[in-house]
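Just so you know, the protein sequences line up as chains A and B, in that order. Per our numbering, the very first residue in the first sequence carries number 4; after that it's consecutive. Per our numbering, the very first residue in the second sequence carries number 4; after that it's consecutive. Every residue gets a Cβ at the ideal spot worked out from N, C-alpha and C, and that includes glycine. All remarks here apply to the structure that follows.
Number of protein chains: 2
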Amino acid sequence: MGKFETKDTIAVCNGKLLKLSHASEYTKTSMDVNVYLPPQYEAGAKKLPVLLYLSGLTCTPQNASEKSFLPYFASKHGFALIFPDTSPRGAGIDGEDESWDFGTGAGFYVDSVNGPWKKNYNMYSYVLKELLPLVSEEFVQLDVLENCSITGHSMGGYGAIMMYLRNPGQFKSCSAFAPIANPSVVPWGEKCFGNYLGEDKTEWYKYDPCHLVKTYAGNPGVADEKILIHVGTKDVFNYRDNQLRCENLVEAAKGTKLADSIDLNVVDGYDHSYYFISSFVPEHVEFHLKYLTK
Amino acid sequence: MGKFETKDTIAVCNGKLLKLSHASEYTKTSMDVNVYLPPQYEAGAKKLPVLLYLSGLTCTPQNASEKSFLPYFASKHGFALIFPDTSPRGAGIDGEDESWDFGTGAGFYVDSVNGPWKKNYNMYSYVLKELLPLVSEEFVQLDVLENCSITGHSMGGYGAIMMYLRNPGQFKSCSAFAPIANPSVVPWGEKCFGNYLGEDKTEWYKYDPCHLVKTYAGNPGVADEKILIHVGTKDVFNYRDNQLRCENLVEAAKGTKLADSIDLNVVDGYDHSYYFISSFVPEHVEFHLKYLTK
């Protein structure tokens, strides 16, 4: 399979979960990625839509593959899933393994411009300029570049909204589960942006959804554009630690192109876990299916 | 909540997952159990059906709660779930924590009659004589004792079939994911039965589905009785290590009441993991719904 090494192929919900790895030019490491091919995937058939799922802090491609139950719905509706990793691993940089919310497992989907991090911590370009084209090239029956939506959880929810706002037209639709919506002003974001991007906050704002939304021009050709977001009232990261600030995005969008388009749902009793994610995966899938071309 | 202590209540799929613990008379330890109440559960409403899920080696009540996606279907169809633990924990017996396939996490759903194990390792009576009556008593809107089906995975798949065959009429229906179908003749069973039950093999046969099926008289009042079983061709425990012997149960059932009733499905490419379980949970749920009274 060209540049991918297939580490494992697992039958899941009548389709196949491929555990792949490949050498990355952007991270200068070997990167793992899981790709789920639904049973509708066949050589020669028409190209299938794709949902890109960005995971949160500490996650590998395995967590959401196993716990989100997205493959069940991908199988039912005939779309593929891409689960990238959350950082380079084994880059060998001092301090990369010292905390769970920075370095390994915490790439924050940025291109680093600071210190020792800039050689490897380039998850923004890795995902958009390397991984998606590579999946498109290797799995020709997936419409990765023309018919793809994006979602994610926590750090990955931030990543999804950020990539969507920075690249109008690249994704058909965007949703997020408990995203870090305003990373510039919360401890997780300050730690990662400070290290990966340095002290100049104009660099930070290039990745902060609450800043990006201000100049966002809209998704060309998409009618009734929305960004669907869920967060639980028992999510301690949003409502105790103030790390997510989901409400800030609704506020920031006022007077912008997305003024009435941030569909934030605060749901009673849900936490930050995969119990929460899998509970709202059916609704997020329905949402993306409205925008993806079948 | 009476004898249960509620450790956590988590919103899941519009219902509630309760993480409970209680002091057990049968294991002489504190036992954890998860109970999922679907949104249809309300005081005063009619009693809901129940599915009892027995987990496999090493599992706690958390694994299947999080990875099986059973709550999604329980919520959709209005039944409750009970996820017991797989052994006593912290009994303080020499050797109970030395291996993953014996002792802690490996109670094998028997009542021990041998050595130091007999004081605590009584999971058979614990589940049937203590846990189910207690859940029935505390959650009066669940029809635990009259309208309950049983399923499980691996050691828990064996436990489900064994409890079903030993107690005709107790459960409406039985299914299993990759069960240890003939524990008397495989290393996992020999190790656990040998320690918990001693050398007398007549004690072992009281728990072995391949022996129990020989004298099984049928489930009273149940038309078209079946036991639904799935096992994957890439399940190394069945097809490399010969620990499951699912095919032996079909063979053992010949000439018995269940001669044409062991519905064993060998499914291509599936392994022993929760990817496999969650892939066939929808079919097992449909199966049990045919037998449970709605």
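Comparing the C-beta of residue i with each C-beta of chain A, is any distance below 8 Å?
i	result
Phe-86 (chain B)	no
Leu-54 (chain B)	no
Tyr-75 (chain B)	yes
Gly-235 (chain B)	yes
Phe-111 (chain B)	no
Name, please, each residue of chain B whose Cβ falls closer than 7 Å to the Cβ of residue i.
i	result
Cys-16 (chain A)	Ser-282
Asn-81 (chain A)	The residue you asked about is not Asn; residue 81 (chain A) is Gly in the sequence shown. Within 7 Å Cβ-Cβ: nothing; Gly-81 (chain A) doesn't reach chain B, min ~16 Å.
Tyr-314 (chain A)	With chain A covering 4 to 297 only, the question about residue 314 (chain A) has no answer from this structure.
Glu-69 (chain A)	Lys-70, Tyr-277 and Tyr-278
Please name the residue in the options whose C-alpha comes closest to that of residue i.
i	options	result
Leu-84 (chain B)	B:Tyr-56, B:Asp-97 and B:Lys-217	B:Tyr-56
Leu-131 (chain A)	A:Glu-250, A:Glu-141, A:Trp-120 and A:Ile-153	A:Ile-153
Ala-77 (chain B)	B:Gln-43, B:Gly-108 and B:Thr-218	B:Gln-43
Pro-186 (chain B)	B:Gln-173, B:Cys-151 and B:Gly-159	B:Gly-159
Asn-222 (chain B)	B:Pro-119, B:Asn-37, B:Pro-182 and B:Tyr-294	B:Tyr-294
Lys-260 (chain B)	B:Glu-254, B:Thr-218, B:Ala-181 and B:Ile-232	B:Thr-218
Leu-60 (chain A)	A:Gly-162, A:Gln-173, A:Ile-232 and A:Leu-267	A:Gly-162
Pro-190 (chain B)	B:Ile-280, B:Asp-88 and B:Phe-240	B:Phe-240
Tyr-29 (chain A)	A:Lys-122, A:Cys-16 and A:Gly-98	A:Lys-122
Pro-212 (chain B)	B:Asp-11, B:His-233, B:Gly-197 and B:Ala-184	B:Ala-184
Arg-169 (chain A)	A:Tyr-127, A:Lys-19, A:Lys-257 and A:Leu-252	A:Tyr-127
Asp-88 (chain B)	B:Gly-81, B:Ser-68, B:Tyr-273 and B:Lys-79	B:Ser-68
Gly-229 (chain B)	B:Phe-290, B:Cys-249, B:Tyr-278 and B:Phe-196	Note that residue 229 (chain B) is Lys in the sequence shown here, rather than Gly. That would be B:Phe-290, whose Cα lies nearest to the Cα of Lys-229 (chain B).
Lys-175 (chain A)	A:Gly-201, A:Leu-54, A:Tyr-199 and A:Gly-272	A:Leu-54
Asp-114 (chain A)	A:Asn-198, A:Asp-11 and A:Ala-26	A:Asn-198
What number of angstroms, rounded off, separates the C-alpha of residue i from the C-alpha of residue j?
i	j	result
Thr-296 (chain A)	Asn-66 (chain A)	28 Å
Tyr-112 (chain B)	Phe-7 (chain A)	44 Å
Trp-207 (chain B)	Lys-50 (chain A)	55 Å
Phe-72 (chain B)	Asn-117 (chain A)	42 Å
Lys-209 (chain A)	Leu-215 (chain A)	7 Å
His-33 (chain A)	Gly-93 (chain A)	Correcting the residue type first, residue 33 (chain A) is Ser in the shown sequence and not His. Going from the Cα of Ser-33 (chain A) to the Cα of Gly-93 (chain A) covers about 9 Å.
Gly-301 (chain A)	Ile-280 (chain A)	Any answer about residue 301 (chain A) is impossible in this case: the structure gives chain A only from 4 up to 297.
Pro-91 (chain B)	Gly-108 (chain A)	35 Å
Cys-177 (chain A)	His-287 (chain A)	9 Å
Thr-275 (chain B)	Asn-17 (chain A)	Sequence inspection shows His at residue 275 (chain B); the Thr mentioned does not correspond to that position. Distance between the alpha carbons of His-275 (chain B) and Asn-17 (chain A) is about 15 Å.
Leu-20 (chain B)	Val-138 (chain B)	14 Å
Phe-86 (chain B)	Met-166 (chain B)	15 Å
Glu-101 (chain B)	Phe-180 (chain B)	27 Å
Ala-48 (chain A)	Gln-144 (chain A)	7 Å
Arg-243 (chain A)	Phe-142 (chain B)	32 Å
Val-36 (chain B)	Lys-31 (chain A)	46 Å
Leu-292 (chain B)	Leu-40 (chain B)	17 Å
Tyr-277 (chain A)	Val-15 (chain B)	9 Å
Any beta-carbon of chain B closer than 8 Å to the one on residue i?
i	result
Phe-105 (chain A)	no
Provide the residue span of the alpha helix (DSSP H) that contains residue i, from first to last.
i	result
Ile-164 (chain B)	158-169
Lys-217 (chain A)	212-218
Glu-140 (chain A)	135-141
Glu-69 (chain B)	64-70
Leu-54 (chain B)	From DSSP, Leu-54 (chain B) is part of no alpha helix (DSSP H) but of the beta strand (DSSP E) over 53-57.
Phe-180 (chain A)	No alpha helix (DSSP H) holds Phe-180 (chain A); the beta strand (DSSP E) holding it covers 177-180.
Report the neighbours of residue i on chain B: residues whose CB is nearer than 8 Å to its CB, in chain order.
i	result
Lys-22 (chain A)	Per Cβ cutoff of 8 Å: no residues; Lys-22 (chain A) is ~11 Å from chain B at best.
Tyr-294 (chain A)	Within 8 Å Cβ-Cβ: nothing; Tyr-294 (chain A) doesn't reach chain B, min ~24 Å.
Could you tell me which chain A residues have their CB closer than 7 Å to the CB of residue i, listed as they occur along the chain?
i	result
Gly-98 (chain B)	Neighbours of Gly-98 (chain B) on chain A: none; closest Cβ ~32 Å, over 7 Å.
Following the continuous beta strand (DSSP E) through residue i, name the residue where it begins and the one where it ends.
i	result
Gly-235 (chain A)	230-235
Tyr-39 (chain B)	33-40
Thr-9 (chain B)	8-15
Lys-293 (chain A)	Careful: Lys-293 (chain A) lies outside any beta strand (DSSP E), inside the alpha helix (DSSP H) at 277-294.
Pro-87 (chain A)	83-87
Closer than 7 Å: is that where the CB of residue i sits relative to any heavy atom of the ligand SAM?
i	result
Glu-8 (chain A)	Questions concerning the ligand SAM fall outside what the structure shown contains, since it holds no ligand whatsoever.
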